[in-house]
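A.B. asks: Protein chains in written order, with our numbering: chain W, 69 to 212; chain B, 69 to 212. Even glycine gets a Cβ: it sits at the ideal position worked out from N, Cα and C. Quick caveat, the model's predicted, so the values are computed rather than measured. First, the structure itself, so that you have it in front of you.
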DNA sequence: TTAATACCTAAACCTAACTTTATGTCAAGG
DNA sequence: CCTTGACATAAAGTTAGGTTTAGGTATTAA
């Protein structure tokens with residue numbers, strides 16, 4: 069149905085990436101006509117699944133596993149759910165970590181903003197760690 | 069004051085990593101006694117700064133730049149603030165992306181939970197995209 | 001007929017932040 | 001005297017997820 073160039077355009081994915089996915093076995097039934105790849109509906113579906121799972125932050129390795137399970141049918145619903153549950157926990161933790169990072173960064177921005185206004189960092193050191201503005205104190209506490 | 073092995077223990081950082089940081093120039097004034105590294109207070113401080121900036125998600129390259137600015141004194145407050153402002157924006161965006169990812173994952177978990185209960189995915193397909201439970205509908209909409 | 005275009009492969013290259021390996025020095029302890 | 005342990009170096013290896021390169025085939029348009 070489609071050549072690799074057409075698929076590349078449709079999905080806005082580099083041709084080299086599609087070939088790479090193919091080499092990695094993500095299109096198990098991809099046909100060839102005199103050596104040239106022909107992507108049919110199934111292959112396109114597979115690609116959509118890859119894109120979707122990538123969006124949920126899965127590694128290619130996990131996606132490969134998922135595809136294996138998916139082709140095995142309803143007996144693997146549980147495995148697939150567990151895969152997503154695990155990933156969900158990791159992502160939730162990542163968000164927490166980034167939230168902490170963001171607190172650090174907000175503190176740093178406040179810090180240098182004040183240093184610019186004061187012309188020095190010395191005044192801030194005299195405020196630490198107990199005389200900061202309430203809002204900043206909260207940030208500061210959140211990572212100390 | 070300290071050997072590399074002691075610093076490694078104190079900070080729980082592999083020796084190889086400390087040597088790597090040194091090679092990369094993160095301890096500009098690190099002393100040697102007959103070839104052997106001696107970490108003094110300043111070097112320890114530098115390491116603390118590295119650790120802290122790493123926690124805020126900066127790349128080593130940016131940390132290097134930051135240290136250069138820091139040694140230049142108060143004339144570089146603005147540069148340093150901009151560095152953190154930039155990083156803040158990136159992290160805020162990352163959190164948003166991960167939040168979307170989490171929505172996808174929560175939907176997937178619901179999906180397979182239901183598939184397990186029903187014994188099939190077919191029922192879900194008949195609900196799509198308009199007859200999902202309200203809560204799930206919200207998740208679904210958030211990434212479609 | 002020749003040139004452009006689209007496809008093919010294998011293999012090398014890329015990035016970041018380390019880690020591992022191979023080899024060597026040096027001091028202390030048994 | 002010899003071995004163990006802590007230190008040193010340079011250079012190669014690791015990881016993921018591709019990208020780039022070099023070289024080749026096949027069709028089509030001028």
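#1: Between residue 143/W and chain B, is any beta-carbon pair separated by less than 7 Å?
#2: Determine, using beta carbons only, whether residue 69/B and residue 108/B come nearer to each other than 7 Å.
#3: Can you give the beta carbon distance from residue 211/W to residue 168/W, rounded, assuming they're within the 8 Å contact cut?
#4: Rounded to the nearest angstrom, what separates residue 123/W and residue 106/B at their Cα positions?
#5: Just the Cα atoms here: how many angstroms apart are residue 174/B and residue 131/W?
#6: What's the C-alpha gap between residue 141/W and residue 114/W?
#7: Name the two residues that bound the continuous beta strand (DSSP E) containing residue 81/B.
#8: Residue ranges of each alpha helix (DSSP H) run of no fewer than 4 residues wholly in the segment 95 to 129 of chain W, ordered along the chain?
#9: In chain W, which residues lie with their C-beta within 9 Å of the C-beta of residue 119/B?
#10: In angstroms, rounded to a whole number, what distance separates the CA positions of residue 181/W and residue 152/B?
#11: For chain W, is any of its Cβ atoms less than 7 Å away from the one on residue 152/B?
#12: What in chain B is Cβ-close to residue 173/W, meaning under 7 Å?
#13: What are the residues of the segment 181 to 207 of chain B that lie near chain W, defined by any Cβ-Cβ distance shorter than 7 Å?
#14: What does residue 169/B touch in chain W if you count any residue whose Cβ is under 8 Å from its own?
#15: Suppose you measure from the CA of residue 207/B to the CA of residue 165/B; what does that come to, to the nearest Å?
#16: Are the beta-carbon atoms belonging to residue 183/B and residue 89/W less than 7 Å from one another?
#17: With a threshold of 16 other CB atoms inside 10 Å of the CB of residue 125/W, please say whether the residue is buried or exposed.
#18: Answer yes or no: do residue 104/W and residue 86/W have a C-beta to C-beta separation smaller than 7 Å?
#19: May I have the straight-line CA-CA distance separating residue 178/B from residue 191/B, to the nearest angstrom?
#20: Name the chain B residues that come within less than 8 Å of residue 132/W, Cβ to Cβ?
#21: Determine which residues of the segment 94 to 117 of chain W have a Cβ less than 7 Å from any Cβ of chain B, and write them out in chain order.
#22: Are residue 155/W and residue 137/W closer than 7 Å when you measure CB to CB?
#23: Could you tell me whether any Cβ in chain B is nearer than 7 Å to the Cβ of residue 166/W?
#24: Within a Cβ cutoff of 8 Å, which residues of the same chain sit near residue 100/W, ignoring the five residues on either side of it in sequence?
#25: By the DSSP assignment, the alpha helix (DSSP H) with residue 143/B in it spans what residues?
#26: For residue 202/W, report the span of its alpha helix (DSSP H) as first-last.
#27: Any Cβ of chain W within less than 7 Å of the Cβ of residue 163/B?
#28: Taking just the CA atoms, how far does residue 158/B sit from residue 200/W?
C.D. replies: Per the coordinate set shown:
#1: no
#2: yes
#3: 6 Å
#4: 47 Å
#5: 17 Å
#6: 15 Å
#7: Neither: residue 81/B is in no beta strand (DSSP E) and is coded neither H nor E.
#8: 109 to 123
#9: Going along chain W, no residue has its Cβ under 9 Å from residue 119/B, so there is no contact; the nearest lies around 12 Å.
#10: 11 Å
#11: yes
#12: 124, 152, 155, 156 and 159
#13: 181, 183, 184, 187 and 188
#14: 123, 124, 125 and 159
#15: 14 Å
#16: no
#17: buried
#18: no
#19: 13 Å
#20: Per Cβ cutoff of 8 Å: no residues; residue 132/W is ~17 Å from chain B at best.
#21: none
#22: no
#23: Closer than 7 Å: yes.
#24: 106
#25: Careful: residue 143/B lies outside any alpha helix (DSSP H) and carries neither H nor E.
#26: 202 to 210
#27: Yes, contact with chain W.
#28: 26 Å
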